[in-house]
Structures are given as structure tokens and as C-alpha cells.
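Chains as they are written, first to last, in the working numbering: chain W, 16 to 557; chain A, 16 to 557. We treat Cβ as the ideally placed atom computed from N, Cα and C, and that holds for glycine. Remember, predicted model here, so these are calculated numbers, not experimental data. Worksheet: the structure to be examined is printed underneath.
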């Protein structure tokens, strides 16, 4: 027997329709590539998204075809999010920080039909346009005055002209919620990038989960500034959550330096932001150096890599900005866990809270997780035993685009490639990426713990801990450190800094200082590059 | 092209599995009919729900068959919620406050196979058992020591014995999320009651919407005490929201008087509650009379009928408990709107906030609404024009059980029978039930406004405003008032109290005092009975 409730598929267009009808006067503010601050409302944005959907149809974009973007966070990118998915095509967000060869490989693999790009990326697109096999239309996301007089790009089109050529009389089509809505490639360190093909259903369900009070806790009282790029897992779904909840949105464009971000936070009354630790490091350094405060910021979501406790402390104790330590993956839309407090935690001391916040937190309803040992057996929670983390749920990948990489699931569970502990309350803590674990004499040493301690030292800007070859123990930890400008910390000081903080056998065997630690296209430390660099390194203990 | 995300149907069992796995140690506390306070956890409750599902299967309950309850809010009722829906049968919550004839009519119409009931309702079940055509098993929700030595009820079974006879080795079946999960009849004032048949999908989506920060804002930091009965639209979905978010649950059982409720609020650290205005009136009177406070309560959700502003003021100004004025219907699972604030409202004065809170608020994502005139044309928002309120969304009824009442929708929209205004921001305010509107000389007078003003008078306990016949104007307002004990307010004082608060032509033509205003089975004023009572009333203005 079936229920007798109304049938409405969960479509991305319904989020925009909700924002337009119920929060039509709410603002969307963007720092544009053109240099100025642009202001619009959900009502105006929804009308332009309808015009854009008609424009894309006029360009010949059909059901399920891919429209790619190379763009910063801004209102035009948001229009593309809704227009392309809403009309039944697939939004493919390309990561402009990738090497041009990778951009070409991914766009070809995705068979992108249209490529929309910000002014910033005109040189990149000019360099690769001739090599892209499937792109029929190149669209510069600007008005006519910003179009170059001449260009290498064949048949270059102007975004504003395309929009202006259409009226907004358009009704969003209704279709199966399982249809593909958007596509994002993982920048794997081995093998070719693999595409995750989200559905309308997975996107809307994920937005529900993400907006919950124990997750990102977004409401119509919020002013959301996503620092995390819209080309990186849909900016952690904030563009969807904002329409679902009617929050004001603020987009930083290309201005991701501390000064530009802080100005925008203050000018627009931002209450919540989100990004990877490396971005926040730049912001905190700027704020600290200039003696500034955050006058409206209430909380910030930090994910993408483990957040060093020192950063959590700085945000909370010095600036009164609550940190939500989160964890997820491109394959998870991306949110899996958030470290929000339970009622039992409210009476904790500040130190106890900080210790809890080093964990990535509790599973959002919709996500289940477990840890397994090397034989695939489920490990208990609450012990000291870490294992490989597996997840399942309606916004987690089933398989990659075009079947790349075969069937990734293990009996219905997606193996994350992370190694984690889960405590008795279900709070998960990533101890390492499986490939970054240091295997010393058959035992595992988690590199993240060692990095967090080093990064709590006042002289350290960034630290990576990698496995170095050892004749007796097979692998031993080598700490790679980038100092803060002007700091004078030594190897011996750093090793002494670990005393009493970890088991003795976890102590790094050596410390090396470098000018820079390589970061990947999504702001994560590239330890595979460091391992390559220190491949033949001889430890003093060897 | 379809997305490539995992397929997991939205099943009610997944809420309990989440609570068990991720909030297993969270408490569920119940004041039992037996008189004591009972404590359990989600882990224990989930195990017992599995035992119960096996017990129901052993009784012969098959897919889609109805299992009825006549029960207060308590952990056994919660076990039934999850066991019955989870196994693929349909939970039918009967309202014990209905007349026994109606209970029989509804149980027969629903074709209930099993009837589970609290000790309180043993006399009721004994009185009706012989007349129930389809019920094969009667289950007393208690242990063996509470079973009567002899009973009129054929083959009376003991809930605890049924549970104890099974182990908890049971895996929740996976099936189509559109399947029916639960059934609740509306207690319409005309015609036969009509059943709303919820699906697993509608229930889980509604729980997502209900938990959002702008709706009930529930998290794992909350301790939720639903005063609204579990036999009334699934206690506004709080039993589902609690498992989704891992909140502690507290159930008041039959103790709905002010003293019992206040004791439980304080003893268990309740942070959020929910109920109809008439229940809160009793609680506030008790707290006021005894000079008590609420030491942990943060907010209360008030719905079911329009909440008088005087009650909102009392909760907020005197007790520091924030009021969330909400609106919904049995046909809407039930939530449609909640009056939460937006960022633009945060700078308002207390008086401005109170004025806003008289409205039932903004639509939750998932619900769309519009107002129409007598010809079915959509009316603008932001004007002074009220119209009949229509709604649509995935947790709103499509048609009633067994097709009763025909096809209720108007071009996909459900007509609520409420008359409402919607302001420019999308905040909706019910001005009346369509059938309660007073039609004076072709113009409409909303009875709720007139009642709210009367109820702000310190001498008034409850007030209803109904249409009385008038030879010239057709209908004119008659105010029916129940005084507070010992109050001495007069007709003239009350009429003077309206001065400056409404348009002059809205002033009631007369005031009558009564000992009691009749309340329906869900705590709403029964104005149809008052209209009956004052059918031949001659107004002094006639």
C-alpha cells in the first residue's frame, strides 16, 4: 500500500523557486572580477537564471549535456548552478588551479559542450581552447565591454549578451529526481581524475542534512560567505543551503587574501564562512598583524584537511568565532561529519571542548560510517583502535562517471581512504589518509597528530609529517617544517616540544626545514610530492 | 542521464538506526501510566522496537496492514511508531478523546488489525471491543502485573510479554519509500473523519524540514518534551526529529496538567516543548500561581490554533522562553510555517517583534503557499487582502484514505480551509478558518484578531468570536467570553478595551459570558458548537 501524499521530485530548481517566492528580497552580494561590489536579490537572480536557461537551450544544450565553468564564487556562477541543473543539463565545475593539461583531460572526459569562464581565466582558456575536443561554445562571464577586441578563442560569446537576449518567461521542467545535476572531478594523487556525478535527489537531501542545527546550522538569520570555491564540491553545498534557508549570500570572487576577505566580512555582516585550513591561516595572519577583530562572524566551518587545534583555539579564544570542524569528500557531496556539541558536552571546560573539537565529529543523519581492519572486519567504537573509514548514504557516490575505477563500493560501503578512530559517542577523528600512515615496525603512526603538535609551536607556519625509510623499522616519521617569517625555531626545540604530548616511539626521527610546502589545487598539503622529494633521505637514526 | 549516487530509500527505520548507532546512549525518559519515571536509551529502544516488529509479525500483521494505538506520549508508543512503520505495516494513531462511537467508526474504516492501548484506555476499549469489526488482537501496553484478572476484551494480550517472547535479531526491511507508514484521521467538524495516509518519504522529508534552524531548530543539544500528543499528527513529527538529531526525549504520559509538566521540565532539563495554546494556558496559570520559573526551557512551539499575543508575551517577557508560533494541519504532516526571525528582524524593538510573532510565519522549504480570491485568482502578497490559503509540497496530502471526499486538490494545490494574509516578506497570518469568518455587509471580519484582543485583557481566560445573525448586515461579531476565576470584567469594559485596536466597524456587537468554551479532541475551540448554542441569539444592535 502506498502513501497518499503529493508527488514532488526533489529538484534543484525547487530551491531557487523557494528562495524567489519566500525570500525574494534577500540579498546576494558579490565582489566581482571587474573590481566592484555587485548587489542583487534572489528574485532578480531567479529571473536571470530563467533567462540563462533559455540562453543555454538556444545554444543547443540538451538534457544531460555538460556545461562547464571555470569561475570564482560570484552571482553569475550561482546563476549557472541553478540554470544548468534546473533545465536538466549537468553543471560541470572545473578546477582552474589544475594544470592546463589536466583541465583539458577532464573537459574532454566530461565531453563538455559549453565552457563558461571568468575574466581571470581568459589566458587559460585561450591556451587550451584549440585542444578541447567537445566544447562548441566559449562564454566569457562578463558584459560586452570586457570582451577582448580579438581572441584566440573561436566564436567567443558574451554571458551578459546571452542573458539579455532572452526574457524570463520560463517554467522549470519537472523530471525524475535521480537525474544527474552536476559533476565534479576528484583530484586524485594517483591515476586519472575521476568524476562524481551528483543527482538532484542527492543534492537536495545533502542540502537538508547540511543545513541542520548540528551540521552547518544555516537559517534566514545568516549571512554566508563561502570561501571554499564553487569549483570544489559545490562549495560544500552552501549555494543550495542558502536558497533552502533564505540566507543572505556574499561571494568573494577572486579576493581570497586576508585583507579582501576581512573587508567583506565586516562590510556585509557575514555570520558564517567555510573553507580549508590554509585559507584561514592567511586570514588569521592578516587579522593578527593588523590588530583587527570580527564584529559579526559567529562561526566558521573548517574542513578539507584536519584543522590544527591551534587554529581552533585562535578563532575561538582570540576572536570569539566558533569553529565547526567538518569532514567530507568530493564523493560525499561533501559533508559526512561535523563536530558540533551535544547536551552532555555543554558543561565541559574550555580545554575539554578543544580536545573534542580536534575530532571531525558526529555523523549527519543520512550518513552512516564504520571502521574496518585490514581483513575487512568491523572494528569497535570507543577503543584506541583506528581503521579504514567506510561510509554509506543517499548523497555518497555509488560509482564514478563512465565507470572509471570500476565498482568502488565494498558491500554497499564506500571506502574513504581515510584512517580514523570513532569514540563511544560516535565522534570520528581522522588519524591519517591511508596512504600517509607511517608504518613503523608493524605499528601505525598517524601523521596528523604529529603535524598538529608542530603547528601549535609559535614558530611554525606549516608542518607535514611523512614516512622516511628506516632499515630496522621500515618507516619512521620525518617532520617537514615551514617556519613563520622571521622565526628562529631549531630542530632540537621542535623535538623537545613533543615531550609529554605523544608516546615516545611516535617522536619524529628528524626535522627538516623547507621554504614552502606544496599545496594541491584544493589547498591541501601534497605529501606525495614531499615523499618524492625526500625519497632518498637518510635519517640520523638509520 | 542519471546521477551515480547511492540508492537508499528514505525509510522511517533509518531514523531509528541512526539514533541507535550514533546517539545510542542518549536518553528517552517517560512518565509512565503506571506512575513511575522510566528511563531508557535509543540503543535499548531500538532493540525493543526490533523485538516488537517480530512480535507484530508473529501476530500476523502483514505489509500495509494497520496497527492502531490508543496511547499517551511514552516510550512504548515510540517503539510502536518505529516497529510498525519500520516493518512495512501502517501505524494508525487513534485519538482517545473522540467519542467512543467515532473511535469505532474510524477503527472500522481503517480496518485496524491490532489495537495497542495504554492502561488509561482499558475502560474505553472494554466498552468498544465487541463492536470493532476488524481488530483481531488487543494489546495492553503494560507488563503482566497490570493486566486485569478478567476482562470483557477477547484474547487480551500483554505488550511486555509479546516483546519478551522475541529476540532482537531482526533487520529492518528495505522497500519503496512511497509506501504507507502511518495514518491519522482529521476530526472534521462536518462529515465523517478523513484519513491522511503518510508515506515513509513524506515523513522523513518532513522531519528534515521540521528540524531546520528556521523551523523547530532541533539538535543533539536539545531535550524535547512533546506535549502535543503522539495521537495527533505524529506529535508534530518530534518523535522522528528526535531520532534524526539525537536529541534527548522526555514523554509526559497522561500528566498534562501544569504541575506534572513543570516538574518534568525541571527534572529532565527540557529545552524545547510543543503544544496547542490551551495546554500552555494551564501550564502558565500553574507557574504563575506558584511563583515558579523555567530554568532550562529555551523555546516552545505553539500551534494547532492561533496563539494569542498575550501568551507569547508572557512566555518571553516573564519567563524568558522564546515562542515559535507555527502553523500546519493533519493534511500537512503537519508543519507548513514557523514564525522564526530573519536577519533583518534582529534589530527590531520588542514591540515590533511581538507584532511579527502574531503571524504564523515563513514557509519551510518543501512547502509552497498562495492565497486566492473567491474566483480562484491568486492574490498579491504584502497587501491588506486576505484570501483562502492553498499549499503544496512533498509532505502535503494528495488525497484522503480510500478516496473519501473525492479529489481535494485544486490544480495541484491543497485548499486548507484557512483564510490568511501573506506579507511582502512571505510571512503568513491566519485571519480565520473559512467557516468562522464573519461576513458583515459583504466584508469579512477575522474572528482571530477579535479573540486575541479579548484574551489580552487580564480578566479573560478564553474568548471566542462567532457570527451572529443581523437583519441589516447579515452577520455581526458576538464575543463569547470565559472569565478567569474570580475576575469581574464587564461587557462594557471589554468593548472599551477594543478602542483604538481595530477598525470601528469590527467592534463586536455584543459580549456574552459563559462558564466554559467547548474544546475539541485536539484542544481547539469548537466554534461550531458555540454557533449552535447561540443560533437564535438576538443582538442588541438588531
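Cutoff 9 Å: residue i Cβ touching any chain W Cβ
| i | result |
| --- | --- |
| residue 127 of chain A | no |
| residue 83 of chain A | no |
| residue 22 of chain A | yes |
| residue 546 of chain A | no |
| residue 286 of chain A | yes |
| residue 356 of chain A | yes |
| residue 329 of chain A | no |
| residue 410 of chain A | yes |
| residue 530 of chain A | no |
| residue 252 of chain A | no |
| residue 344 of chain A | no |
| residue 163 of chain A | no |
| residue 527 of chain A | no |
Any chain A beta carbon closer than 9 Å to residue i
| i | result |
| --- | --- |
| residue 233 of chain W | yes |
| residue 208 of chain W | no |
| residue 445 of chain W | no |
| residue 339 of chain W | no |
| residue 96 of chain W | no |
| residue 68 of chain W | no |
| residue 541 of chain W | no |
Residues near residue i in its chain [Cβ-Cβ closer than 7 Å; skip 5 each side]
| i | result |
| --- | --- |
| residue 349 of chain W | 248, 251, 343 |
| residue 94 of chain W | 60, 63, 64, 67 |
| residue 159 of chain A | 173, 175, 176 |
| residue 277 of chain A | 298, 301, 302, 307 |
Exposure label - residue i; buried when at least 16 CB within 10 Å
| i | result |
| --- | --- |
| residue 103 of chain A | buried |
| residue 33 of chain A | buried |
| residue 110 of chain W | buried |
| residue 488 of chain A | buried |
| residue 448 of chain W | buried |
| residue 467 of chain W | buried |
| residue 189 of chain W | exposed |
| residue 308 of chain A | exposed |
| residue 165 of chain A | exposed |
| residue 54 of chain W | exposed |
| residue 402 of chain W | buried |
| residue 477 of chain W | buried |
| residue 31 of chain W | buried |
| residue 454 of chain A | exposed |
Those residues which DSSP pairs with residue i across a bridge
| i | result |
| --- | --- |
| residue 82 of chain W | W/106, W/129 |
| residue 448 of chain A | A/433 |
| residue 541 of chain A | Looking at the DSSP assignment, residue 541 of chain A forms no beta bridge with any residue, so it has no partner. |
| residue 478 of chain A | A/496 |
| residue 376 of chain W | W/443 |
| residue 180 of chain A | Per DSSP, none; premise fails for residue 180 of chain A. |
| residue 289 of chain A | A/241, A/316 |
Proximity of residue i and residue j at Cβ, strictly below 9 Å
| i | j | result |
| --- | --- | --- |
| residue 286 of chain W | residue 358 of chain A | yes |
| residue 268 of chain W | residue 397 of chain W | no |
| residue 340 of chain A | residue 318 of chain A | yes |
| residue 291 of chain A | residue 539 of chain A | yes |
| residue 521 of chain W | residue 440 of chain W | no |
| residue 48 of chain W | residue 133 of chain W | yes |
| residue 226 of chain A | residue 234 of chain A | yes |
| residue 155 of chain A | residue 84 of chain A | no |
| residue 140 of chain W | residue 168 of chain W | yes |
Chain B within 9 Å of residue i, Cβ atoms only
| i | result |
| --- | --- |
| residue 30 of chain A | Here chain B cannot be found, since the structure's protein chains are W and A. |
Cβ-based neighbour list, residue i, same chain, cut-off 6 Å, excluding 5 preceding and 5 following
| i | result |
| --- | --- |
| residue 416 of chain W | 210, 212 |
| residue 80 of chain A | 104, 128 |
| residue 113 of chain A | 536 |
| residue 461 of chain A | 446, 447 |
Neighbourhood of residue i by C-beta, 8 Å cutoff - its chain only, sequence neighbours within 5 removed
| i | result |
| --- | --- |
| residue 555 of chain W | 524, 525 |
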